[in-house]
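Participant: Got a structure for you, written out below as structure tokens; questions coming shortly.
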Amino acid sequence: MKKLSFAKSIAVFGLAAVCTVGVAGCSEASTDGTGSTYTGGVAATVNGTEIQEDTITTAVENIRAQMGLTEEQAWGEWLAENDYTPESVRKEMIDGYVDQELVKQGSESLDIHADEAEVSQYVDSMRANYDSDEAWANALNSVGMTEEQYRENIALTLETQLLKEKVAEDAAEPTDEDLLTLAQTYKTSYDGSRKSSHILFDASDEATAKEVLAKIKSGELDFAAAAAEYSKDTGTSGDGGNVGWDSLNNLVTEYTTALKELGKDEVSDLVTSSYGIHIIKCTDVYEAPETLEKLSDLPEEFQEAVRSMSEAQNDSQAYYTWLEGQREAADIKVNDMPEGLPYYVDMANFPKDESKDESKDDGTGITAVDEDGNPVDIDPVASDSGDDAAQGESDGTAEAPVAEGVEEGAEGAEGEADEAAQQMENGAQGDGQQPAEGDAADGDAAGSGASQQPAEGATE
0 MKKLSFAKSI
10 AVFGLAAVCT
20 VGVAGCSEAS
30 TDGTGSTYTG
40 GVAATVNGTE
50 IQEDTITTAV
60 ENIRAQMGLT
70 EEQAWGEWLA
80 ENDYTPESVR
90 KEMIDGYVDQ
100 ELVKQGSESL
110 DIHADEAEVS
120 QYVDSMRANY
130 DSDEAWANAL
140 NSVGMTEEQY
150 RENIALTLET
160 QLLKEKVAED
170 AAEPTDEDLL
180 TLAQTYKTSY
190 DGSRKSSHIL
200 FDASDEATAK
210 EVLAKIKSGE
220 LDFAAAAAEY
230 SKDTGTSGDG
240 GNVGWDSLNN
250 LVTEYTTALK
260 ELGKDEVSDL
270 VTSSYGIHII
280 KCTDVYEAPE
290 TLEKLSDLPE
300 EFQEAVRSMS
310 EAQNDSQAYY
320 TWLEGQREAA
330 DIKVNDMPEG
340 LPYYVDMANF
350 PKDESKDESK
360 DDGTGITAVD
370 EDGNPVDIDP
380 VASDSGDDAA
390 QGESDGTAEA
400 PVAEGVEEGA
410 EGAEGEADEA
420 AQQMENGAQG
430 DGQQPAEGDA
440 ADGDAAGSGA
450 SQQPAEGATE
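Everything in the sequence shown is counted per numbering that gives the first Met the number 0, starting at 0 for the first residue and increasing by one.
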């Protein structure tokens, strides 16, 4: 059975705001809230560079606070339920910081450095979401960070992406066999997919929408011509209103619901969403065969998505191979766990409820662990993409700053290939969430439809 990894739990609970694995900051924010340190001391060294014990403790304590696990009883029960102990939590956190330090040192050796102007742009973009310098400082303080530490996070995010790109230069190109195998694995995600076009009207222009709809249904007006003449969606109007496949675009709920009711070449009635009024035409429906004989049996857009995902997997594997080589070559020393850590509990007081195992889903995409309890598919360093950080900071959601701008520290734990696959599955399910623009930068839009552009008035 797969268990919930500690780093993965951050992403699952939406806790990207905490200082944790893959986040450069927090090393100085290592107090118990009263100004004194927790235990002091050094948790580990990486080629002579120290990782402070209080850095690890602060990270764990921030996660506990964000997850509502500050009470000993709740914390102990969570550990037991997820096959953890305080010792294994500490080990996993240290492993993450070790890998982060290896990335820093590797970037330095390859003369890879973040562009300071780009870092400043990201920080300024996030700061602009706050009404005052005080509000910005409070948001940083709420996650135990200074602005300088936040800048370090952004820089590490960018440098990690540059490093991954450098390492990926030696990644193997996917073979036809690789592509066909991957397509076979994910073909069920495409089954029943609908390709569509739409015409978007302003919400106040219902009269025109009704008139155009009547002409289309009577055959007086061609749908593509109507899209070119009337649609307010400038991104699709020049292409007959083509939105593409719903499994490669996460469409707004109202659009998805209406589209599912249409067969090929059928046209909807008026559909209202937050973007206005839509007239939707289903232009194709894909029915997956039991077995794919060749990749070309898939529509071209699906072929592109599969190829992008396979390339992302190979790039990720190249990076993980590089990182493993760095681990093997490095002088890494991990010191014994000190007494008095605030997250320590006696696990003898928290026996695991084995009956809960039976109800856990083993296919959720949660990071697996090996027999020793170590993550086997985890990238605990920084983000998948600097572009992800930029996207997060432009969203305008004035939450704790790292919640948007550096969430890769948590979500990057899945790896680019897993993320691409999950996005593909989410798209097929029509979850109505807009894919982040940065995803395309990291895997050539592996999960968001490759070269397919989402419709402005159809995606959230």
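Glycine included, C-beta positions come from ideal geometry on N, C-alpha and C.
#1: Who are Gln-51's beta bridge partners in DSSP?
#2: Alpha carbon to alpha carbon, what distance is there between Glu-86 and Glu-49?
#3: Could you pull out every residue in the same chain whose Cβ sits closer than 6 Å to the Cβ of Ala-227, ignoring the five residues on either side in sequence?
#4: What separation, rounded to the nearest whole angstrom, lies between the Cα atoms of Leu-220 and Tyr-254?
#5: Between Val-59, Tyr-149, Asn-248 and Lys-209, which has its C-alpha nearest Leu-269's C-alpha?
#6: Between which residues of its own chain and Glu-147 is the CB-CB distance below 7 Å, once the five residues before and five after are set aside?
#7: Does the pairing of the stretch 178-188 with the stretch 261-277 give three or more beta-carbon distances under 8 Å?
#8: Report yes if the C-beta distance between Pro-337 and Gly-40 is below 7 Å; otherwise report no.
#9: In angstroms with no decimal places, state the Cα-to-Cα distance between Ala-116 and Ala-223.
#10: Distance, Cα to Cα, Thr-145 vs Met-92?
#11: Looking at Asn-334 and the ligand ADP, is the gap between the Cβ and the nearest heavy atom below 6 Å?
#12: Considering just the uninterrupted stretch of the alpha helix (DSSP H) at Phe-222, what are its terminal residues?
#13: Over what stretch of residues does the beta strand (DSSP E) that includes Ile-111 continue unbroken?
#14: Check whether the Cβ atoms of Ser-192 and Ser-246 sit closer than 7 Å, and answer yes or no.
#15: Helix, strand or coil for Leu-250? Go by DSSP, reduced to three states.
#16: What's the call for Thr-320, buried or exposed, on a 16-neighbour Cβ count within 10 Å?
#17: Can you give me the Cβ contacts of Trp-74 inside the same chain, cut-off strictly under 8 Å, excluding the 5 residues immediately before and after it?
#18: I think Ile-215 touches Ile-276, with their Cβ atoms under 8 Å apart; what is that distance to the nearest whole Å?
#19: Just to confirm, is the Cβ distance from Lys-516 to Ser-196 under 7 Å?
#20: Reducing DSSP to helix, strand and coil, say where Ser-195 ends up.
#21: Using three-state DSSP, classify Thr-174 as helix, strand or coil.
#22: If we ignore side chains and look at the alpha-carbon of each, how far apart do Asn-248 and Glu-303 end up?
#23: To which residues does DSSP link Ile-279 through a beta bridge?
#24: Hey, Val-59 and Val-97 are a contact pair by Cβ (cut 8 Å); roughly how many whole angstroms apart?
#25: Quick check on DSSP: helix, strand or coil for Lys-259?
#26: Would you list the one or two residues that DSSP bridges to Ile-331?
Facilitator: According to the structure shown:
#1: In the DSSP output, where bridge partners are listed per residue, Gln-51 has Val-41.
#2: Rounded to whole angstroms, Glu-49 to Glu-86 spans 19 Å at the Cα level.
#3: Excluding sequence positions up to five before and after Ala-227, its CB lies within less than 6 Å of the CB of Ser-236, all in the same chain and listed in chain order.
#4: Spanning the alpha carbons of Leu-220 and Tyr-254 requires a straight line of approximately 22 Å.
#5: Leu-269 has its Cα closest to that of Lys-209, out of Val-59, Tyr-149, Asn-248 and Lys-209.
#6: No residues qualify anywhere along the chain.
#7: Result no; under three Cβ-Cβ pairs closer than 8 Å.
#8: Yes, these two residues count as a Cβ contact at 7 Å.
#9: Rounded to the nearest angstrom, the two C-alpha atoms are 44 Å apart.
#10: Thr-145 and Met-92 have their alpha carbons spaced roughly 21 Å apart.
#11: Among the ligands in the structure shown, none appear at all, so the ligand ADP cannot be discussed.
#12: Run containing Phe-222: 222-229, per the alpha helix (DSSP H) assignment.
#13: Segment: none, Ile-111 is in no beta strand (DSSP E) and carries neither H nor E.
#14: A distance below 7 Å separates the beta carbons of Ser-192 and Ser-246.
#15: The three-state secondary structure of Leu-250, taken from DSSP, is strand.
#16: Exposed, by the Cβ-count rule.
#17: Taken in chain order, the residues that qualify are Arg-63, Leu-68, Tyr-342 and Val-344.
#18: Taking C-beta atoms under 8 Å as the contact rule, Ile-215 and Ile-276 fail to qualify, at a distance of about 14 Å.
#19: The question about residue 516 has no answer here: the residues shown for the chain are numbered 0 through 459.
#20: DSSP places Ser-195 in strand when its eight states are reduced to three.
#21: Thr-174 falls in the coil class under three-state DSSP.
#22: Distance from the CA atom of Asn-248 to the CA atom of Glu-303, rounded to whole angstroms, is 14 Å.
#23: DSSP lists His-197 as partners of Ile-279.
#24: Incorrect: roughly 16 Å between the Cβ atoms, too far for contact.
#25: The three-state reading of DSSP puts Lys-259 in helix, counting H, G and I together.
#26: Ile-331 is bridged to Val-45.
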